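Taking our numbering, the leading residue of the sequence shown gets 0, the next gets one more, and so forth.
All C-beta atoms in this analysis are idealised placements derived from N, C-alpha and C, irrespective of residue type, glycine included.
None of the values given here were measured: they were computed from a predicted structure.
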Amino acid sequence: DRREVRDLMSYLKLIANPADDEAFRRAVAAPKRGLGDTTIEQLSLAARAAGVPMLAAALRPDLLGTIRPAARGALGEFARLIATFRESAREAGVDELLRQVVEGIRYDEYLKAEGPEGADRLENVRELITGAAELVSDEEGEVGLTPLDHFLQKAMLVAELDKLGPDADAVTMMTLHNAKGLEFPVVFITGLEDGLFPLAKAFDDPAMLEEERRLFYVGITRAERKLFLTHAEERRRNGEFMPSKASSFLQAIPEAMLEQFKTIKVRSSGRSFMQSLGGGSQWGNSRARGVDHPAREQWLDAESAFPPSASQRRPGTPVTRVVAFAEAEESQDAAIIAVGSRVKHRKFGSGVIAELAGAGRDLKAKIDFDDDAIGRKTLVVAQANLERDIE
Numbered sequence: 000d001r002r003e004v005r006d007l008m009s010y011l012k013l014i015a016n017p018a019d020d021e022a023f024r025r026a027v028a029a030p031k032r033g034l035g036d037t038t039i040e041q042l043s044l045a046a047r048a049a050g051v052p053m054l055a056a057a058l059r060p061d062l063l064g065t066i067r068p069a070a071r072g073a074l075g076e077f078a079r080l081i082a083t084f085r086e087s088a089r090e091a092g093v094d095e096l097l098r099q100v101v102e103g104i105r106y107d108e109y110l111k112a113e114g115p116e117g118a119d120r121l122e123n124v125r126e127l128i129t130g131a132a133e134l135v136s137d138e139e140g141e142v143g144l145t146p147l148d149h150f151l152q153k154a155m156l157v158a159e160l161d162k163l164g165p166d167a168d169a170v171t172m173m174t175l176h177n178a179k180g181l182e183f184p185v186v187f188i189t190g191l192e193d194g195l196f197p198l199a200k201a202f203d204d205p206a207m208l209e210e211e212r213r214l215f216y217v218g219i220t221r222a223e224r225k226l227f228l229t230h231a232e233e234r235r236r237n238g239e240f241m242p243s244k245a246s247s248f249l250q251a252i253p254e255a256m257l258e259q260f261k262t263i264k265v266r267s268s269g270r271s272f273m274q275s276l277g278g279g280s281q282w283g284n285s286r287a288r289g290v291d292h293p294a295r296e297q298w299l300d301a302e303s304a305f306p307p308s309a310s311q312r313r314p315g316t317p318v319t320r321v322v323a324f325a326e327a328e329e330s331q332d333a334a335i336i337a338v339g340s341r342v343k344h345r346k347f348g349s350g351v352i353a354e355l356a357g358a359g360r361d362l363k364a365k366i367d368f369d370d371d372a373i374g375r376k377t378l379v380v381a382q383a384n385l386e387r388d389i390e
């Protein structure tokens with residue numbers, strides 16, 4: 000809850016998103032630029048009337064007629080400064096960008112003018128810059144996110160966790176990228192299925208597959224006491240239940256660490272999720288109606304499956320590794336689309352599924368057909384209308 004950190008974070012937010020009016024209001028006031036509340040409110044009203052963000056309105060003389068000339072000049076100067084920072088953000092790391100912001104707005108001078116308290120705040124600014132540098136060097140971030148976006152995302156997550164406190168009765172959801180550097184007493188990692196985690200395209204890219212494996216390691220080592228790893232036996236895709244294959248990452252766990260648990264049962268209402276909201280039938284119905292299905296999720300419950308940190312473990316305390324893996328109960332539908340299953344195609348006849356790749360609409364099967372003239376074909380399962388071949 001440090002004022003100086005919030006000030007600089009507002010600059011970063013505005014640089015990342017020029018339409019963030021809340022960030023604009025804070026940044027434009029730190030340090031003071033001779034812009035009072037009345038001026039900012041006039042700018043806000045003009046921006047709303049024109050349907051543009053406040054930052055954009057600050058560069059529109061035609062929208063600033065009610066604002067005194069000196070204030071119009073200050074607003075324009077601030078907007079141009081943010082534009083300069085945005086240009087720098089294309090190449091500079093977050094730590095370097097922060098240094099440029101501090102220097103550009105003369106924030107150090109602003110804090111030093113506050114005396115001893117300002118000196119303490121300036122030290123917090125240096126810590127923020129150091130933290131940004133460490134994050135950039137230690138973490139690559141998610142695909143599609145700029146370093147600045149990733150930094151802001153991580154900072155927001157940490158802030159929310161700080162608000163909750165260590166004893167809060169709450170569940171925090173986050174991506175594996177954002178979990179780096181954090182620890183929790185209990186961790187759930189869901190969707191551990193080939194095609195989801197690792198991603199289907201990772202099987203054709205060794206570097207991507209290794210990155211997915213590294214993320215899996217990051218996730219499991221976030222758990223201090225309990226780790227739950229789940230995967231669906233079936234997953235609803237495009238209105239139909241499709242069989243899922245447990246992630247190869249799970250299969251790499253030694254058998255000695257596994258303990259069998261029965262799957263739970265769930266009851267289907269026979270109505271699709273979209274239909275329950277009034278949606279049309281194009282989304283499809285449940286595979287079965289009013290009957291018990293095998294559990295959609297299977298569980299790995301790792302009680303201290305991975306060693307706690309040295310500070311958490313008493314000397315001489317052995318590290319136990321107990322993982323519970325759910326019992327697999329294959330449905331009839333799942334048995335149709337599985338490696339080794341015999342299937343029948345209307346055009347190509349009977350054959351054996353040799354390989355499966357992808358998931359959902361993109362699930363593909365390589366099938367060795369009995370007719371040598373046809374040989375092996377790769378078919379999109381969703382379009383192939385495969386049937387079980389009963390010999």
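With a 10 Å radius around its C-beta and 16 neighbouring C-beta atoms as the bar for buried, classify residue i as buried or exposed.
i: Y106; result: buried
i: Q41; result: buried
i: E386; result: exposed
i: V338; result: exposed
i: K200; result: exposed
i: Y10; result: buried
i: T145; result: exposed
i: G279; result: For G279, the predicted structure reports a pLDDT of 38, less than 50, and the residue's modelled location is therefore unreliable. The matter cannot be settled from this model.
i: L378; result: buried
i: R440; result: The first residue shown for the chain is 0 and the last is 390, placing residue 440 beyond what the model contains.
i: R89; result: exposed
i: R375; result: exposed
i: V185; result: exposed
i: T174; result: exposed
i: G218; result: buried
i: L96; result: buried
i: K179; result: buried
i: G64; result: exposed
i: L110; result: buried
i: R120; result: buried
In the DSSP assignment, what residue or residues form a beta bridge with residue i?
i: A222; result: F183
i: S349; result: K343
i: M241; result: R234
i: L195; result: L198
i: E354; result: K365
i: I188; result: L228
Since residue i is in the beta strand (DSSP E), which residue starts that stretch and which ends it?
i: R375; result: 375-379
i: F368; result: 363-368
Could you give the C-beta distance for residue i and residue j, rounded to a whole number, given that I count them as a contact under 8 angstroms?
i: L54; j: I81; result: 6 angstroms
i: R341; j: D388; result: 4 angstroms
i: L74; j: L13; result: Not a contact, Cβ separation roughly 13 angstroms.
i: V380; j: K365; result: Their Cβ separation, rounded to whole angstroms, is 11 angstroms, which puts V380 and K365 out of contact at 8 angstroms.
i: S246; j: P205; result: Not really, about 17 angstroms apart at Cβ, beyond 8 angstroms.
i: F183; j: A131; result: Contact flag wrong, Cβ pair sits at about 24 angstroms.
i: A78; j: A57; result: 4 angstroms
i: P52; j: D6; result: That belief does not hold up - the Cβ atoms of P52 and D6 are roughly 19 angstroms apart, past 8 angstroms.
So the candidates are the options; which of them puts its Cα closest to the Cα of residue i?
i: D193; options: A231, L34, D94, R341; result: A231
i: R71; options: T37, H176, L378; result: T37
i: I128; options: F368, V4, K365, F347; result: V4
i: A29; options: L96, T65, G103; result: G103
i: K244; options: V51, I336, R125, E113; result: I336
i: H149; options: L208, N177, G350, V27; result: N177
i: Q99; options: A118, A45, T83; result: T83
i: R1; options: E90, R125, A15, P17; result: R125
i: E233; options: P60, A88, P242; result: P242
i: V170; options: F187, F202, A353, E209; result: F187
i: E133; options: D367, L355, D94, R67; result: D94
i: R212; options: A112, L249, R24; result: L249
i: A251; options: F215, R224, G50; result: F215
i: A356; options: A69, E239, K346, D203; result: D203
i: Q152; options: G50, E122, M8, L121; result: M8
i: R85; options: R345, K111, L147, S43; result: L147
i: F227; options: H344, R25, L44, L191; result: L191
i: F368; options: N384, F347, D361, E354; result: F347
i: R345; options: E122, P115, A383; result: A383
i: T229; options: F240, L195, E254; result: L195
Specify, as a first and last residue, the run of the alpha helix (DSSP H) that residue i falls within.
i: K402; result: There is no way to answer for residue 402, as the model of the chain reaches only from 0 to 390.
i: E108; result: 106-111
i: M53; result: 53-56
i: E40; result: 36-49
i: T83; result: 68-88
i: N384; result: No alpha helix (DSSP H) contains N384, which DSSP labels as neither H nor E.
i: E254; result: Note, E254: premise wrong, no alpha helix (DSSP H); not H, not E.
i: L97; result: 93-103
i: D203; result: Here D203 belongs to no alpha helix (DSSP H), and DSSP marks it neither H nor E.
i: A26; result: 20-26
i: L175; result: 175-178
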